[in-house]
Every structure is written in C-alpha cells, then in structure tokens.
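Numbering (the numbering used here), first residue to last: 43 to 433.
Glycine included, every Cβ here is placed at the ideal spot set by N, Cα and C.
Since the structure is predicted, the reported quantities are computational estimates derived from the model, not experimental observations.
See structure below.
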Ligand code: NAD
Ligand code: MG
C-alpha cells in the first residue's frame with residue numbers, strides 16, 4: 043500500500059489524480075489533500091478519501107472546514123498555510139507526492155518532497171522553470187525520483203531508453219508537440235481583442251485557467267521547453283516544438299539511426315497521472331481507448347513565430363544565466379493573472395514577458411534566496427507594466 047499526498051487536489055490535475063486513485067484503492071491510500079480556497083470541494087474530497095490531513099491556504103477557512111469535517115464524523119486534521127504544504131509533502135508516512143499546485147507557489151512544497159526523498163509526480167512545471175537546478179539537487183540529495191506528469195514529458199520519458207546513460211548517446215533530439223491552442227488559425231492582428239473566456243476554451247484539453255491561457259499564447263510550450271531541458275538534460279538546440287492540432291501524439295524522440303519513438307493516446311491527463319503513480323509498471327487510468335480509425339488523420343506543422351512570439355522566449359531564457367527562467371515565469375504569472383482579471387489585453391502578456399526578460403539582471407542568482415528575491419522583484423516590475431498597459 044502506497045501513501046499519497048495530493049497538492050492542489052481541487053484543481054484539474056488534482057481532481058483527475060483522485061479519479062485515478064479511486065480506481066486503485068487497494069494499492070494507494072491518500073495521506074493528505076491540499077487546496078488554496080475551495081473548501082467545499084476539499085470537504086467532499088475528505089469525505090471520499092478520509093486523508094489524515096487536509097490543508098487550506100487561510101486559517102479562518104481551515105478552522106471552518108475542521109468543524110464541518112468533525113460534524114460529518116471525518117477524522118481528517120485540517121492545517122493551513124505554506125508550512126503545512128511542506129509538512130504534508132515531506133512527512134515520513136508519504137511515498138508519493140502529486141505536485142499539482144499552479145505557479146511558483148508550488149515550489150517550496152516540491153522542494154520539500156524532493157529533499158525528503160519522495161517520488162515527486164510533477165505537474166507543477168513552474169517548479170522546474172523557477173529553480174530547476176535546485177530542485178534536481180534536492181532530489182539527488184534526498185534520493186527521490188522525479189516523474190513528469192505533463193503529458194509531453196511523460197511521453198518523452200516513455201519514449202526514451204530506460205537506461206538513462208543512453209539518453210545523450212542514442213538520441214538526436216526530442217520533439218514536444220503542441221496543439222496550437224484556440225488561436226492556431228486566428229488572424230494575428232485580431233489577437234488583441236481576445237477575451238479570457240475565448241483564451242480558456244482549449245480545443246482538446248480541459249485545464250485550469252492559467253495553463254489554458256498559457257496554451258493560447260504558447261507560453262505553456264515555452265515553459266515546457268525549459269522543463270524538458272531540466273528533466274532530460276537536453277540543450278536548447280536538442281529541443282524542437284511541432285504543432286499537432288489533434289493532441290494524439292503526445293511527444294517524440296528522434297534517435298541517431300533515424301527511428302522516431304512516440305507515445306500516443308487520447309488527450310486525457312489520467313494517462314500520464316496513472317503512469318506516474320504506477321511507474322515503471324502500468325495500471326488502468328480510466329481514460330478512453332484511442333481509436334485511430336476514428337481520429338482519421340494526424341497533422342503536423344511548424345509553429346508560426348509571429349502568431350506565437352512567446353515560444354522563442356524560452357530558448358532566449360535558456361541561453362541566459364540561471365535566473366532568466368525565473369524572471370520569465372514571474373512576469374508571465376503576473377501578466378496572465380492581469381489578463382484573466384481583464385486588466386490588460388491578451389497581446390500585452392507577451393509584451394510584458396519580453397520586456398522583463400530583456401531587462402533581466404540575473405547573473406549570479408543561483409541560491410534559493412536570490413531566486414526568490416528575483417521572483418519578487420520581477421513581480422513588482424510586472425505589476426508596474428500591468429498598470430501602464432491597463433491605463
Ligand atoms: P488549477 O487551477 O485547476 O488547480 C490549481 C490547484 O492549485 C488548485 O487545487 C488550487 O487550490 C491550488 N493552488 C493554487 N494556488 C495555490 C497556493 N498559493 N497554495 C496552495 N495551493 C494553491 O490548475 P491545473 O490545471 O490543475 O494545473 C496545476 C499544475 O499542473 C500547473 O502547474 C499546470 O501547468 C500543470 N499542468 C496541468 C495540466 C492540466 O491538464 N490541467 C496539464 C499539464 C500540466
Ligand atoms: Mg503539457
């Protein structure tokens with residue numbers, strides 16, 4: 043019996059994780075569930091999975107949830123705040139931690155799980171983007187393993203040799219596929235009119251708001267390029283991005299002999315989640331089977347840099363000193379949030395990201411403290427740009 047902590051349990055990945063765990067109650071038990079604000083959903087999840095701990099962001103809400111759970115006869119203990127996230131991510135009882143908080147807010151708990159030697163199932167790509175070297179170091183020191191949950195990186199892991207020492211020897215490059223999001227064919231000159239609702243209407247995947255907007259700008263793929271660099275030790279020139287509107291081929295590996303290995307499946311996050319939980323074995327995920335005759339055709343095209351200028355920022359950031367990726371991520375989080383609040387236009391997101399990456403002063407920002415300061419400083423600068431564009 044393996045014990046699992048699910049951070050971000052009320053979100054899209056968290057909910058899918060619990061759906062997979064529900065199919066395998068004899069193999070996994072839930073140790074802790076954590077969410078930010080959604081107490082009602084966390085309450086139902088606690089009743090369904092009876093975890094030892096539940097975590098909410100704020101003290102008052104945590105207290106109220108504790109009373110509700112007691113009244114319902116549920117023994118779950120409710121904690122609150124960032125320290126509690128780290129506590130339930132690193133507790134000795136825990137074997138696996140699903141890191142599915144959105145944004146850099148997930149970093150501290152990912153690091154805590156890594157230091158404690160857990161199997162870290164990483165959906166929270168921002169953890170690797172913000173502090174990739176430090177997270178890998180923590181994993182090495184703690185003796186933990188990192189399994190990507192992002193569908194592209196799960197596909198790459200499944201398509202790479204199981205012997206990691208062959209990765210740099212046998213592989214020519216890796217190809218991350220991207221659906222192109224809702225605006226793949228929209229006229230670039232009309233992108234400034236896009237609403238949050240349009241940006242969040244992804245054609246293939248149902249996801250949280252932030253990653254949906256990132257998919258529409260293709261900043262999601264930019265973050266995934268950086269994620270792939272850290273996960274697989276690939277240099278920027280070894281990482282290619284290809285648009286594949288059907289989201290059936292989840293990514294591929296080009297080998298030196300001309301072979302291409304890919305992982306295919308329905309666009310359903312339960313597949314990479316189940317793979318992460320059962321790795322290296324396989325178990326049922328609840329995702330529907332892939333019927334290629336029904337899909338009919340698979341298309342591929344190069345991403346258009348004019349329509350998706352954000353993608354290039356990842357390659358730029360990877361060629362800059364450590365810290366540039368932290369700046370890019372912080373700028374993007376603030377800009378996306380401002381767009382979702384209708385304070386800035388869709389096209390301002392890229393302007394803010396490009397401005398702040400261009401102005402980044404990040405040489406020597408290697409420690410966690412320095413990166414945290416850089417992150418905070420970038421957020422302040424990004425807020426100033428938001429105010430400027432919103433005016
Ligand atoms: P979401 O917005 O649906 O859920 C986010 C979760 O994080 C919620 O449970 C929320 O309560 C929690 N949370 C937010 N801020 C928090 C904070 N400050 N402290 C503690 N908890 C906090 O997001 P999602 O779509 O599930 O994405 C989660 C992560 O997984 C993101 O990093 C995203 O890039 C990644 N991811 C998501 C998908 C997908 O299909 N949704 C696919 C690949 C990767
Ligand atoms: Mg992805």
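What residues are listed by DSSP as bridge partners for residue 285? Per DSSP, 220 and 343.
For the ligand NAD, I want to know if residue 437 counts as a neighbour, meaning its beta carbon is within less than 7 Å of at least one of the ligand's heavy atoms. The chain is shown from 43 up to 433; residue 437 falls before or after that span and cannot be answered.
Heavy atom of the ligand MG within 7 Å of residue 221 beta-carbon: Incorrect: residue 221 has no Cβ contact closer than 7 Å to the ligand MG.
For residue 190, which residues does DSSP report across the bridge? In DSSP, residue 190 forms a bridge with 164.
Counterpart residues of residue 71 in DSSP-defined beta bridges: For residue 71, which the question treats as bridged, DSSP gives the partners 45.
Is it right to say residue 302 is buried, meaning 16 or more other beta carbons lie within 10 angstroms of its own, or is it exposed? Residue 302 counts as exposed, since fewer than 16 other beta carbons sit within 10 angstroms of its beta carbon.
Collect the residues with a C-beta less than 6 Å away from any heavy atom of the ligand MG and give them in sequence order along the chain. Every residue whose beta carbon comes nearer than 6 Å to a heavy atom of the ligand MG appears here in chain order: 192, 193, 194 and 266.
Under the criterion of a Cβ to heavy atom distance below 7 Å, does residue 215 qualify as lining the ligand NAD? False, no ligand heavy atom lies under 7 Å from that Cβ.
Could you name the residues of the same chain whose beta carbon sits closer than 6 Å to that of residue 62, not counting the 5 residues immediately before and after it, in chain order? Cβ neighbours of residue 62 within its own chain (closer than 6 Å, five residues either side excluded): 312, 315, 316 and 327.
Where do the N-terminal and C-terminal ends of the alpha helix (DSSP H) with residue 269 fall, by residue? Unbroken alpha helix (DSSP H) run through residue 269: 261–274.
Could you check the C-alpha separation between residue 241 and residue 224 for me, to the nearest Å? Each residue's alpha carbon lies about 7 Å from the other.
Please report the Cβ distance between residue 163 and residue 191, rounded to the nearest whole angstrom; I am assuming they are in contact, meaning their Cβ atoms lie under 8 Å. By a beta-carbon distance limit of 8 Å, residue 163 contacts residue 191. Their separation comes to about 5 Å.
Measuring CB atoms only, is the segment 363–378 touching the segment 391–409, in the sense that at least three cross pairs come out at less than 8 Å? The segment 363–378 is in contact with the segment 391–409.
In whole angstroms, what is the alpha-carbon distance linking residue 319 and residue 429? Each residue's Cα considered, the two are about 43 Å apart.
Between 217, 229 and 140, which has its C-alpha nearest residue 346's C-alpha? Looking at the Cα atoms, 229 is the closest of the given residues.
Collapsed DSSP secondary structure at residue 416 in the structure displayed: In the three-state reduction of the DSSP assignment, residue 416 falls in the helix class, which pools H, G and I.
8 Å contact criterion, which residue 202 and residue 272 should meet: CB distance rounded: Their Cβ separation, rounded to whole angstroms, is 15 Å, which puts residue 202 and residue 272 out of contact at 8 Å.
To the nearest whole angstrom, what separates the beta carbons of residue 392 and residue 237, a pair I think is in contact under 8 Å? Approximately 17 Å separates the beta-carbon atoms of residue 392 and residue 237; this is outside 8 Å, ruling out the contact.
Just verifying my parser: in three-state terms, what is the DSSP assignment at residue 66? Residue state, collapsed to three classes: coil.
From residue 129 to residue 274, what does the alpha carbon distance come to, in whole angstroms? C-alpha separation (whole angstroms): 28 Å.
Any contact of the segment 280–296 with the segment 177–184, i.e. 3+ C-beta pairs under 8 Å? In this structure the segment 280–296 does not lie against the segment 177–184, because fewer than three pairs of beta carbons, one per stretch, are closer than 8 Å.
Three Cβ pairs or more, each shorter than 8 Å: is that satisfied between the segment 134–144 and the segment 49–61? Yes: at least three Cβ pairs fall under 8 Å.
Reducing DSSP to helix, strand and coil, say where residue 214 ends up. The DSSP-derived three-state label of residue 214 is strand.
Give a yes or no on whether 8 Å exceeds the smallest Cβ distance from residue 49 to chain D. No chain D is present in this structure, which holds just one protein chain.
Once DSSP output is grouped into helix, strand and coil, what is the label at residue 80? Of the three classes helix, strand and coil, the one that applies to residue 80 here is coil, per DSSP.
According to DSSP, is residue 296 part of a helix, a strand, or is it coil? Strand at residue 296.
Per-residue DSSP class, three states only, for residue 95: The answer is strand: DSSP assigns residue 95 an E or B state.
Measuring CB to CB, does residue 371 end up less than 8 Å from residue 172? Residue 172 sits close to residue 371, with the two beta carbons spaced by under 8 Å.
Below 8 Å on the Cβ atoms is my contact criterion, and I expect residue 168 with residue 265 to pass it. Report the Cβ-Cβ distance as a whole number of Å. Between residue 265 and residue 168 the Cβ distance is about 7 Å, and since that is below 8 Å, they are a contact.
Whole angstroms are fine: how far does the CA of residue 298 sit from the CA of residue 124? The alpha-carbon atoms of residue 124 and residue 298 are separated by roughly 45 Å.
Taking only heavy atoms of the ligand NAD into account, decide whether any of them is closer than 7 Å to the Cβ of residue 392. Placement of the Cβ of residue 392 at a distance of 7 Å or more from every heavy atom of the ligand NAD is found.
Buried or exposed by the 16-neighbour rule on C-beta atoms within 10 Å, applied to residue 234: In the assembly as shown, residue 234 is an exposed residue. Its beta-carbon has fewer than 16 other beta-carbons within 10 Å.
So what's residue 116 in DSSP terms, helix, strand or just coil? If DSSP states are grouped into helix, strand and coil, residue 116 belongs with coil.
I need the straight-line Cα distance from residue 50 to residue 161, nearest angstrom please. In a straight line, the C-alpha of residue 50 is about 17 Å away from that of residue 161.
Which value, in whole angstroms, describes the spacing of the CA atoms of residue 331 and residue 198? Cα to Cα, the separation comes out at about 20 Å.
Please state whether the Cβ-Cβ distance between residue 244 and residue 254 is less than 8 Å. Yes; because the gap between Cβ atoms is below 8 Å, this pair is in contact.
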